[in-house]
Amino acid sequence: LDAVVITNPTTPVGAGNVRIQAVHGAPNVAIPVDVYVTGPMDDILPMMPTGTFDFGQDIGPVEVPAGDYRIRVVVPADATKTPVFDSGTVPLPAGADFMIVAVQNTNVGAGAADQSPISLFATADGVGDLELVHSVTNANVTATPSAFRAAHFSPDTAPVNVLIANGAITLNNVSYPQITGFTEVDAATYNVKIELVSNPGAYAIDEDVTLTAGKRYSVFAADYTAGLVADGLFVFEDDLRPLATGAKVRIVHLAPGAGLVDIYVTAQGAGIVGATPAIAGVDFKDDLGYVQLAGDDYDITVTLAGTQNIAIGPVPVTVVDGGVYTVLARDAAGGGAPFDVELIVEP
Numbered sequence: 223l224d225a226v227v228i229t230n231p232t233t234p235v236g237a238g239n240v241r242i243q244a245v246h247g248a249p250n251v252a253i254p255v256d257v258y259v260t261g262p263m264d265d266i267l268p269m270m271p272t273g274t275f276d277f278g279q280d281i282g283p284v285e286v287p288a289g290d291y292r293i294r295v296v297v298p299a300d301a302t303k304t305p306v307f308d309s310g311t312v313p314l315p316a317g318a319d320f321m322i323v324a325v326q327n328t329n330v331g332a333g334a335a336d337q338s339p340i341s342l343f344a345t346a347d348g349v350g351d352l353e354l355v356h357s358v359t360n361a362n363v364t365a366t367p368s369a370f371r372a373a374h375f376s377p378d379t380a381p382v383n384v385l386i387a388n389g390a391i392t393l394n395n396v397s398y399p400q401i402t403g404f405t406e407v408d409a410a411t412y413n414v415k416i417e418l419v420s421n422p423g424a425y426a427i428d429e430d431v432t433l434t435a436g437k438r439y440s441v442f443a444a445d446y447t448a449g450l451v452a453d454g455l456f457v458f459e460d461d462l463r464p465l466a467t468g469a470k471v472r473i474v475h476l477a478p479g480a481g482l483v484d485i486y487v488t489a490q491g492a493g494i495v496g497a498t499p500a501i502a503g504v505d506f507k508d509d510l511g512y513v514q515l516a517g518d519d520y521d522i523t524v525t526l527a528g529t530q531n532i533a534i535g536p537v538p539v540t541v542v543d544g545g546v547y548t549v550l551a552r553d554a555a556g557g558g559a560p561f562d563v564e565l566i567v568e569p
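Under the numbering used here, the letters of the sequence shown match residues 223 to 569, in that order.
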């Protein structure tokens with residue numbers, strides 16, 4: 223690994239302006255590239271680039287008036303200036319001091335011949351962190367897609383059909399506790415309907431789900447039947463980007479019959495007597511996000527909250543550095559005990 227040292231100004235950003243500094247940190251594009259920061263509708267063909275940089279180099283800082291912009295990256299040898307990355311319209315607010323890093327694209331579709339080789343990570347105090355993905359289809363690259371998977375996690379609900387975009391995408395005869403693989407789709411808002419296989423056309427769920435470019439989502443029917451009708455789908459985002467220094471593990475409580483629980487993560491075979499919960503007071507549909515664990519053998523034990531009365535486990539799991547895992551607590555078929563967990567080793 224090589225460190226890139228960037229010097230940042232400490233002076234305030236000018237009134238009504240935004241400050242931008244960019245770093246080329248994408249080793250898979252280890253050539254100089256031209257960067258254009260323009261208005262959303264500007265034609266870059268007659269324009270000079272805002273800057274040119276090679277891998278490990280930076281551009282800026284520069285100040286521009288706050289407003290809507292478009293960031294395009296072009297290989298200088300391309301006389302047509304067809305971007306290999308095009309952010310689409312990006313609002314840059316007044317007073318923000320952005321550091322933008324071009325990195326290797328690891329999002330949905332990454333590595334495909336028609337996908338951009340890079341994405342942009344941007345951060346600024348008061349704005350937070352965001353990732354910009356290629357958003358405009360052109361002759362070189364296609365707009366970054368989204369992806370979703372669906373799961374039947376309603377323990378007392380019979381097999382169902384899932385109809386997406388008025389039946390343009392269908393998942394038929396999905397049984398508890400079935401989880402599909404990821405399906406890539408265009409980033410958009412989709413209508414999702416769920417019907418019993420035995421009663422087609424009577425929709426227990428009929429709602430819209432927005433899928434953002436570059437992101438993966440799990441779309442779960444997760445509750446008893448009455449709760450599904452009342453509360454609808456449970457949707458959460460999946461971050462499958464691996465860590466080199468450890469395993470990423472997420473635990474999601476999807477057992478409606480278990481109530482409030484404590485979760486223990488202990489060395490395999492150690493038990494929980496005298497142990498402190500890794501996470502206490504976890505409620506149904508709580509998504510605890512990702513935690514980092516060293517690659518090793520563990521037991522996951524779920525108890526009724528505030529007690530060491532075991533509801534699930536101990537369940538032995540083995541995780542490795544660089545792996546991404548999702549652990550789903552669930553009811554038995556029909557609802558209630560015995561409770562169990564599903565361990566998903568993410569792709």
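Idealized CB from N, CA, C, for every residue including glycine.
Buried or exposed: which applies to residue i, given that a residue is buried once 16 or more other Cβ atoms fall within 10 Å of its Cβ?
| i | result |
| --- | --- |
| Ala-379 | Looking at the sequence provided, one finds Thr at residue 379 rather than Ala. Buried, by the Cβ-count rule. |
| Asn-239 | buried |
| Asp-319 | buried |
| Gln-514 | exposed |
| Asn-327 | buried |
| Pro-305 | buried |
| Val-226 | exposed |
| Asp-460 | buried |
| Thr-272 | buried |
| Ile-253 | exposed |
| Asn-329 | buried |
| Thr-548 | buried |
| Asp-445 | buried |
What did DSSP end up calling residue i once you bin it into helix, strand or coil?
| i | result |
| --- | --- |
| Pro-249 | helix |
| Leu-354 | strand |
| Leu-450 | helix |
| Pro-315 | coil |
| Met-263 | coil |
| Tyr-398 | coil |
| Thr-232 | coil |
| Ala-373 | strand |
| Val-226 | coil |
Checking 8 Å against the spacing of the C-beta atoms, do residue i and residue j come in under that value?
| i | j | result |
| --- | --- | --- |
| Val-571 | Val-257 | Limits of the chain in this structure are 223 at one end and 569 at the other, which puts residue 571 out of reach. |
| Val-504 | Tyr-520 | no |
| Leu-228 | Asp-280 | For the sequence presented, residue 228 should be read as Ile rather than Leu. A contact, by the Cβ cut-off of 8 Å. |
| Thr-364 | Ser-357 | no |
| Ala-435 | Ser-338 | no |
| Val-487 | Thr-525 | no |
| Ala-480 | Ala-373 | no |
| Gly-403 | Ile-427 | no |
| Pro-298 | Phe-277 | no |
| Asp-408 | Ala-469 | no |
| Leu-476 | Lys-507 | yes |
For residue i, write down the residues that DSSP places opposite it in a beta bridge.
| i | result |
| --- | --- |
| Tyr-258 | Arg-294 |
| Gly-273 | Val-257 |
| Asp-430 | Asn-413 |
| Gly-310 | None; Gly-310 has no bridge partner. |
| Asp-280 | Val-245 |
Contained alpha helix (DSSP H) runs [length at least 4] in the region 456-492, N- to C-terminal order
none
Segments assigned beta strand (DSSP E), at least 3 residues, entirely inside the region 483-563:
483-489, 501-504, 509-515, 518-526, 532-541, 546-552
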